[in-house]
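Q: Once you've had a glance at the structure underneath, I'll fire off some questions.
Written out as structure tokens, the structure reads:
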């Protein structure tokens, strides 16, 4: 793969993707985080081959309705719209997998740029949210390697087996990332994507109500989340921001929240203070909490590493429609 892969065959590619993502984020503030998550969930199942975009067929049951994806993974229509624009400029040239990789990079750099959070934040206590109604933030950027090919199939079973659940323990997380050639540093840095985005009550109820000991949540934080977003029964689809300090900013606040035990997901808290794995991720969490630049650099590097899990050469195909094989 190469950053210049489409320089001759589709020179406008990156500007088309950037424009499409800017429009999507402007229309819906949450979409940046959703596209980033879409990329993660694609790459962790047979590599970054756009298999997550495939609809079910008579020959296979795809990944969209796997446990970690059903009723939560979003942004398919954004990729469809960008793909249509790319096809209008460069027909049958650019893979859906490369579009998702570029869109994820642009999503991060666009997060927090020129949008209002007032509708989301109006019902949250000021004590929990320290963010202005309109922000000019944006996350790190990186050079995307290009030349991926699209997969010819998808597997719900593979998605269920490979994607970490929200209650995953640290040894499980380390093992799943290691299977992809990603070490503890990459795991910790990539988990920092939870500095943006929202989670459903059903994914964090057990953590904020039941976890104790090394997994315990800050008591005041738990009380506030229970009252505002997650009753002990019902409200499964209620949303809460994964990082409450500044949920619009792609910054290191997530790691500060980990140290303070103010995160929604057990799988996140496992990275710090779990007492497992000889503290293999504790030092990294402390380092990122203290140094936002270090986090940004390591996150960008880990995104490139994860993005290199790809089909290339004559493997797969370049889909004309991201939802089905040619």
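Residue numbers (UniProt numbering): 1 to 326. By construction, the Cβ of each residue, glycine as well, lies at the ideal position given by its N, Cα and C atoms. As the structure is a computational prediction, the values presented were derived from the model and not from experiment.
1. Any contact of the region 75 to 87 with the region 174 to 193, i.e. 3+ C-beta pairs under 8 Å?
2. List the endpoints of the continuous beta strand (DSSP E) containing residue 241.
3. Would residue 156 and residue 62 qualify as a contact pair, given that the criterion is a beta-carbon distance under 8 Å?
4. Determine the closest residue to residue 295 out of 253, 272, 317, 275, with distance taken between C-alpha atoms.
5. Classify residue 281: buried if its beta carbon has 16 or more other beta carbons within 10 angstroms, exposed otherwise.
6. Do residue 300 and residue 242 have their CB atoms nearer than 8 Å?
7. Considering just the uninterrupted stretch of the beta strand (DSSP E) at residue 200, what are its terminal residues?
8. What residue range does the alpha helix (DSSP H) around residue 76 cover?
9. Suppose you measure from the CA of residue 212 to the CA of residue 264; what does that come to, to the nearest Å?
10. Just checking residue 261 against the ligand ZN - is the residue's beta carbon closer than 7 Å to any of the ligand's heavy atoms?
11. DSSP on residue 126, reduced to helix/strand/coil?
12. Starting from residue 338, trace the alpha helix (DSSP H) both ways and give me its first and last residue.
13. Using the beta-carbon count (16 or more within 10 Å), is residue 164 buried or exposed?
14. For residue 74, tell me which candidate among 52, 313, 4, 60 has the shortest Cα-Cα distance.
15. May I have the straight-line CA-CA distance separating residue 310 from residue 186, to the nearest angstrom?
A: The answer reads as follows:
1. no
2. Following the DSSP letters along the chain, one finds residue 241 inside the beta strand (DSSP E) bounded by residues 239 to 241.
3. yes
4. 253
5. buried
6. no
7. 198 to 200
8. First-last of the alpha helix (DSSP H) with residue 76: 76 to 89.
9. 14 Å
10. By its list of ligands, the structure shown contains no ligand whatsoever, and the ligand ZN lies outside what it can speak to.
11. No answer about residue 126 holds up, because its pLDDT of 42 lies below 50 and its placement is not dependable.
12. As displayed, the chain neither begins before 1 nor continues past 326, which places residue 338 out of reach and without an answer.
13. buried
14. That would be 52, whose Cα lies nearest to the Cα of residue 74.
15. Rounded to whole angstroms, residue 310 and residue 186 show a C-alpha spacing of 17 Å.
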